Amino acid sequence: MKQLRELVTPFASVAETSALPGGDLPWLQTLRQQALTQFSSAGLPSKKEEDWKYTSLWELSQQAFTHDAVNTTIAAEQCEKLALLDDAYRIVIIDGEYVADLSQLDGLPSGVTVQPFSTSLAFVEQQLGQQVALDKVGLTALNTLLMKEGVMVHVATEIVLDKPIGLLVINSGATTNLATHLRNMIVLDANAQATVVEHYAGVGDGVYFNNVVSEVVLAEQAELFHYKLQQESHHAFHVATIAARQAAGSQWHTQNITLGGKLSRNDVHSRLEGEQSHTTMDGLYLLNDEQHADTHTRIDHLVPNTTSNELYKGVLDDRCHGIFNGKVIVHKDAQNTDSNQYNHNLLLSRGCAIDTKPEMEIYADDVKCGHGSTVGQLDMDQLFFLRARGLDEVTARSLLTHAFAEDVLERIPSESIRQALSAVIEQCLPRGHK
Amino acid sequence: MLEIKNLHASVDGKDILKGINLTVKPGQVHAIMGPNGAGKSTLSNVLAGRDGYEITQGSVVFKDEDLLDLEAEERARRGVFLAFQYPVEIHGVSNIYLLKAAVNAVREHQGLDELDAMDFLTLVREKLQLVKMNEEFLYRGVNEGFSGGEKKRNEILQMALLEPALAILDETDSGLDIDALKTVSEGVNALRSQDRSIVMITHYQRLLDYIVPDFVHVLSDGQIVKSGDKELAKELESKGYSWVTDAPKAGQTA
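Same order as they appear, the protein sequences are chains A and B.
Under my numbering, the residues of the first sequence are numbered 106 to 539, in order.
Under my numbering, the residues of the second sequence are numbered 3 to 256, in order.
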């Protein structure tokens, strides 16, 4: 086992990366070389950087990890239990390896490709790495260098997918201190429509590191409903970058739900590059114990007549620490931008902390923008009302907390997904102390 | 049913109730009237178990139990019901969910099985008619976007479902127009029975035309200064509260 920096050293020359998927592809060798150079010079981000002010990766950097998974066994039954949706296409990755037996990809309409990333490299040459900046976050460079598995989704022109695609990523706990670098790529051609659910779940209680990069490319009028549910183990490190580029008339609806992990960080980024395009960027973080969860979002309005809508909510308990930093940038030419961004937090204990910073940078003059954030506690009048109707205090608190969180889920159009997520959240709600 | 003896309560060190004595027997309807700031709402909150009040002296016995020793939810399950002066809105909790949870909390305490969704719906439909409410109200957030009258009707709906032994109606008439007042009063009157007691707290005599009390008490500066029958309310209406509140109290010299 080695620290993250040392894990990189075997690949000090491009020739060594041939052991990784696509190692023989020259374009990929070039990309990996760039990533290696970047990571070697910059390393992991430090708290000195503005974007990492509240999140220290020191503990992560000192932790030893391995890339070699052993003895992975997850029963079909267990996998079924973890799966969020019954009626969905499913691709399962356990401890970083694609598991065909547990995946369910039968009956995909023609024109739709859903396959493991490792066998899709030939398809993704044109787009891989185009949505993320290697120099911004060292973790993306690390991912780009070491990526082995993930999912590739491609939906051809005009196709509306009948069922959601579920990506189920499980850490079985069999390998101590496993590090995985997953790379997902979702490409929707013109007028295509799909729903993708990324679900990360830890079975054991061990330490591991999941470093995820998901890239999204939406062509004209394409529409993607994109959900991410993070239920890693309580000792896991989870870092994810989700980035989309949107052509004219396209719509990207994201929901980002953080429940697990000791330390988690999400960077969600959309680029509205075509007129009439729209981003919904919603999320929820429910934290307790000593969890640390950092969400950074960024929406770039680059052209006229684009819209975005953002609502993040947080419920914090015990001694956890939440961070929300949302940035909306309305560029010079982006007239008629309509954007709003809100972050609301419910604090259930005195020991927890939230740092929230919704930001707007506006360089156009004809725009409609609103933003704000709140930090509050449970409403004592509501609590008393429920107790005066016979509900015990714990139930009353959890009911009000659930109602607070449910607001975000209400924005999900699919009833089955909304209900599935609501049920998961019900289980995980911090109970709160008096 | 309810026996309040020499009850003193304070908020943030300020004395509000200064020795309340009141006995309510099963089936009786008592009206407690008084000017603003007399302690009417404090009394109802103290009886329902709201946090933030310090009981400095006295006792409250409800059906042979020390009421002050019980949490708000324990009082509710034993049959104490407070109809709120200002019912809160709760976004994200549906009315029907609250009603069912409340009914089942009481049933559980009584050792009865929980009502399932179907049985509950049958029951709640019957009670809706009592307060002339549309079924659509069940599926909205608790009191969310309800008018003043709808909120009060919703309170009486809860009372009808929970069938309390003691109902405390805190300014139930406030914010109601005549039609809504009639509907709410009819609902309350329908719930009058020989084993249910009602304590009505009100500023105005008007409510008592619709829900006729057996006893009327005047609360002033934290004490009951005068008690009588429904005629007392009428006298108050014509003479004003100053008639009783400004009169020297027994034992005091002018």
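Even glycine gets a Cβ: it sits at the ideal position worked out from N, Cα and C.
Fair warning: this is a prediction, and the values are worked out from it, not measured in the lab.
**Request:** Could you give the DSSP three-state label for methionine 161 (chain B): helix, strand or coil?
**Result:** Translated into positions along the second sequence, residue 161 (chain B) becomes position 159. DSSP places methionine 161 (chain B) in helix when its eight states are reduced to three.
**Request:** Let me know if asparagine 38 (chain B) comes out buried or exposed under the rule of 16 or more other beta-carbons within 10 Å of its beta-carbon.
**Result:** Within the second sequence, the letter at position 36 stands for residue 38 (chain B). By the 10 Å Cβ count, asparagine 38 (chain B) comes out exposed.
**Asked** Start and end of the alpha helix (DSSP H) containing proline 214 (chain A)?
**Response** Indexing the first sequence from 1 puts residue 214 (chain A) at position 109. Note, proline 214 (chain A): premise wrong, no alpha helix (DSSP H); not H, not E.
**Asked** Applying a beta-carbon distance threshold of less than 8 Å, which residues of chain B neighbour leucine 421 (chain A)?
**Response** Position 316 of the first sequence, counting from 1, holds the residue named residue 421 (chain A). Chain B residues near leucine 421 (chain A): none, gap ~18 Å exceeds 8 Å.
**Message:** Measuring alpha carbon to alpha carbon, tell me which residue in A:Gln381, A:Asp372, A:Gly481 and A:Asp173 is nearest histidine 449 (chain A).
**Reply:** Within the first sequence, the letter at position 344 stands for residue 449 (chain A). The candidate whose alpha carbon is nearest that of histidine 449 (chain A) is A:Gly481.
**Message:** Using a Cβ-Cβ distance cut-off of 8 Å, determine whether glutamate 531 (chain A) contacts chain B.
**Reply:** As a working note, residue 531 (chain A) is residue 426 in the first sequence. No, glutamate 531 (chain A) lies away from the interface with chain B (no Cβ there is under 8 Å from its Cβ).
**Prompt:** Are leucine 329 (chain A) and valine 373 (chain A) touching if we call contact CB-CB under 8 Å?
**Reply:** In the first sequence, the residue the question calls residue 329 (chain A) occupies position 224. In the first sequence, the residue the question calls residue 373 (chain A) occupies position 268. No. Outside cutoff.
**Message:** Tell me which residue opens and which closes the beta strand (DSSP E) that glutamate 5 (chain B) is part of.
**Reply:** Position 3 of the second sequence, counted from the first residue, corresponds to residue 5 (chain B). Counting along the chain, the beta strand (DSSP E) containing glutamate 5 (chain B) begins and ends at 4-13.
**Asked** From aspartate 248 (chain B) to glycine 242 (chain B), what distance separates their C-alpha atoms?
**Response** Within the second sequence, numbered from 1, the residue matching residue 248 (chain B) stands at position 246. Within the second sequence, numbered from 1, the residue matching residue 242 (chain B) stands at position 240. C-alpha separation (whole angstroms): 10 Å.
**Asked** Are three or more beta carbon pairs between the region 81-94 of chain B and the region 153-170 of chain B nearer than 8 Å?
**Response** yes
**Request:** Can you check the region 36-74 of chain B for any beta strand (DSSP E) of at least 3 residues that lies completely inside it and give the ranges in chain order?
**Result:** 56-64
**Request:** Spell out a yes or no on whether the region 394-412 of chain A and the region 368-382 of chain A are touching, meaning 3 or more CB-CB pairs, one atom from each, closer than 8 Å.
**Result:** yes
**Asked** At what residues does the alpha helix (DSSP H) containing tyrosine 468 (chain A) begin and finish?
**Response** In the first sequence, residue 468 (chain A) corresponds to position 363, counting from 1. Neither: tyrosine 468 (chain A) is in no alpha helix (DSSP H) and is coded neither H nor E.
**Request:** State the CB to CB distance for the pair leucine 164 (chain B) and valine 90 (chain B), rounded to an integer number of angstroms; the pair is presumed to be in contact (CB under 8 Å).
**Result:** Here residue 164 (chain B) refers to the residue found at position 162 when the second sequence is read from its first residue. Here residue 90 (chain B) refers to the residue found at position 88 when the second sequence is read from its first residue. Not confirmed; about 17 Å, so no contact.
**Message:** Tell me which residues share the same chain as leucine 210 (chain B) and place their Cβ nearer than 8 Å to its Cβ, disregarding the 5 neighbours each side in the sequence.
**Reply:** Locating residue 210 (chain B) in the second sequence gives position 208, where the first residue counts as 1. Closer than 8 Å at the Cβ level, and outside the excluded window around leucine 210 (chain B), lie Ala33, Met202, Thr204, Val218, Lys232 and Ala235.
**Request:** With a threshold of 16 other CB atoms inside 10 Å of the CB of isoleucine 270 (chain A), please say whether the residue is buried or exposed.
**Result:** In the first sequence, residue 270 (chain A) corresponds to position 165, counting from 1. Counting Cβ neighbours within 10 Å, isoleucine 270 (chain A) comes out buried, since at least 16 surround it.
**Prompt:** With 16 other CB atoms within 10 Å as the buried threshold, where does alanine 192 (chain B) fall?
**Reply:** In the second sequence, the residue the question calls residue 192 (chain B) occupies position 190. It counts as exposed.
**Item:** is_contact[histidine 93 (chain B), chain A] using C-beta, thresh 8 Å
**Value:** Stepping through the second sequence from its first residue, residue 93 (chain B) is reached at position 91. Taking Cβ atoms only, chain A reaches closer than 8 Å to histidine 93 (chain B), which makes this a yes.
**Residue burial classification, isoleucine 6 (chain B) (beta-carbon count within 10 angstroms, cutoff 16)** = Looking up residue 6 (chain B) in the second sequence gives position 4. The residue in question, isoleucine 6 (chain B), is buried, as its Cβ has 16 or more Cβ neighbours within 10 Å.
**Request:** Scan the region 346-387 of chain A and note each continuous beta strand (DSSP E) run of 3 residues or more that stays entirely inside, going in chain order.
**Result:** 356-363 and 368-377
**Prompt:** Mind checking if glutamine 160 (chain B) is an interface residue toward chain A, Cβ cutoff 8 Å exclusive?
**Reply:** The residue labelled residue 160 (chain B) in the question sits at position 158 within the second sequence. Chain A, which has a Cβ nearer than 8 Å to the Cβ of glutamine 160 (chain B), makes this yes.
**Asked** Excluding five sequence neighbours on each side, which residues of the same chain lie with their C-beta closer than 6 Å to the C-beta of valine 227 (chain B)?
**Response** Within the second sequence, numbered from 1, the residue matching residue 227 (chain B) stands at position 225. Only Val220 and Val246 meet the Cβ criterion.
**Asked** For a contact meaning CB atoms closer than 7 Å, what does phenylalanine 139 (chain B) contact in chain A?
**Response** Numbered from 1 along the second sequence, position 137 holds the residue referred to as residue 139 (chain B). None at all; the shortest Cβ gap to chain A is about 16 Å.
**Asked** So the beta strand (DSSP E) serine 319 (chain A) belongs to, where does it begin and stop?
**Response** Indexing the first sequence from 1 puts residue 319 (chain A) at position 214. Element bounds for serine 319 (chain A): 313-323.
**Message:** Check this for me: beta carbons of leucine 334 (chain A) and isoleucine 291 (chain A), under 8 Å apart or not?
**Reply:** For the purposes of this step, residue 334 (chain A) is taken as the residue at position 229 of the first sequence. For the purposes of this step, residue 291 (chain A) is taken as the residue at position 186 of the first sequence. Cβ distance not < 8 Å, so leucine 334 (chain A) and isoleucine 291 (chain A) don't count as in contact.
**Prompt:** Alpha carbon to alpha carbon, how far is aspartate 71 (chain B) from leucine 488 (chain A)?
**Reply:** Numbered from its first residue, the second sequence carries residue 71 (chain B) at position 69. Numbered from its first residue, the first sequence carries residue 488 (chain A) at position 383. Aspartate 71 (chain B) and leucine 488 (chain A): Cα-Cα distance of roughly 19 Å.
**Paired residues, beta bridge with glutamine 220 (chain A) - DSSP** = Numbered from 1 along the first sequence, position 115 holds the residue referred to as residue 220 (chain A). BP columns for glutamine 220 (chain A) point to A:Met257.
**Request:** Taking 8 Å as the cut-off, decide whether the C-beta atoms of histidine 339 (chain A) and glycine 365 (chain A) are in contact.
**Result:** Position 234 of the first sequence, counted from the start, is the residue given in the question as residue 339 (chain A). Position 260 of the first sequence, counted from the start, is the residue given in the question as residue 365 (chain A). Yes, these two residues count as a Cβ contact at 8 Å.
**Separation of glutamate 254 (chain A) from isoleucine 98 (chain B), as counted between CA atoms** = To locate residue 98 (chain B), count along the second sequence from 1; it is residue 96. To locate residue 254 (chain A), count along the first sequence from 1; it is residue 149. So the alpha carbons of these two residues sit roughly 47 Å apart.
**Request:** Could you tell me which uninterrupted alpha helix (DSSP H) segments, each at least 4 residues in length, are contained entirely in the region 165-216 of chain A, listed from first to last along the chain?
**Result:** 181-187
**Request:** With a 10 Å radius around its C-beta and 16 neighbouring C-beta atoms as the bar for buried, classify lysine 152 (chain A) as buried or exposed.
**Result:** As a first step, residue 152 (chain A) is located in the first sequence; it is residue number 47 there, counting from the start. Result: exposed.
**Opening and closing residue of the alpha helix (DSSP H) in which alanine 525 (chain A) lies** = Sequence index remark: in the first sequence, residue 525 (chain A) carries index 420 (1-based). Residues 520-533.
**Message:** With a threshold of 8 Å, are at least 3 pairs of Cβ atoms found where one atom belongs to the region 156-163 of chain A and the other to the region 268-283 of chain A?
**Reply:** no
**Message:** Taking the alpha helix (DSSP H) that aspartate 121 (chain B) belongs to, which residues open and close that run?
**Reply:** Along the second sequence, one-based indexing puts residue 121 (chain B) at 119. Its alpha helix (DSSP H) spans residues 119-132.
**Request:** Kindly give me the distance between the Cβ atoms of asparagine 296 (chain A) and glutamate 263 (chain A), rounded to whole angstroms, as I take these residues to be in contact under 8 Å.
**Result:** Position 191 of the first sequence, counting from 1, holds the residue named residue 296 (chain A). Position 158 of the first sequence, counting from 1, holds the residue named residue 263 (chain A). About 5 Å; that satisfies the 8 Å criterion.
**Item:** Buried or exposed by the 16-neighbour rule on C-beta atoms within 10 Å, applied to methionine 3 (chain B)
**Value:** Walking along the second sequence from the start, residue 3 (chain B) turns up at place 1. Buried, because 16 or more other Cβ atoms sit within 10 Å of the Cβ of methionine 3 (chain B).
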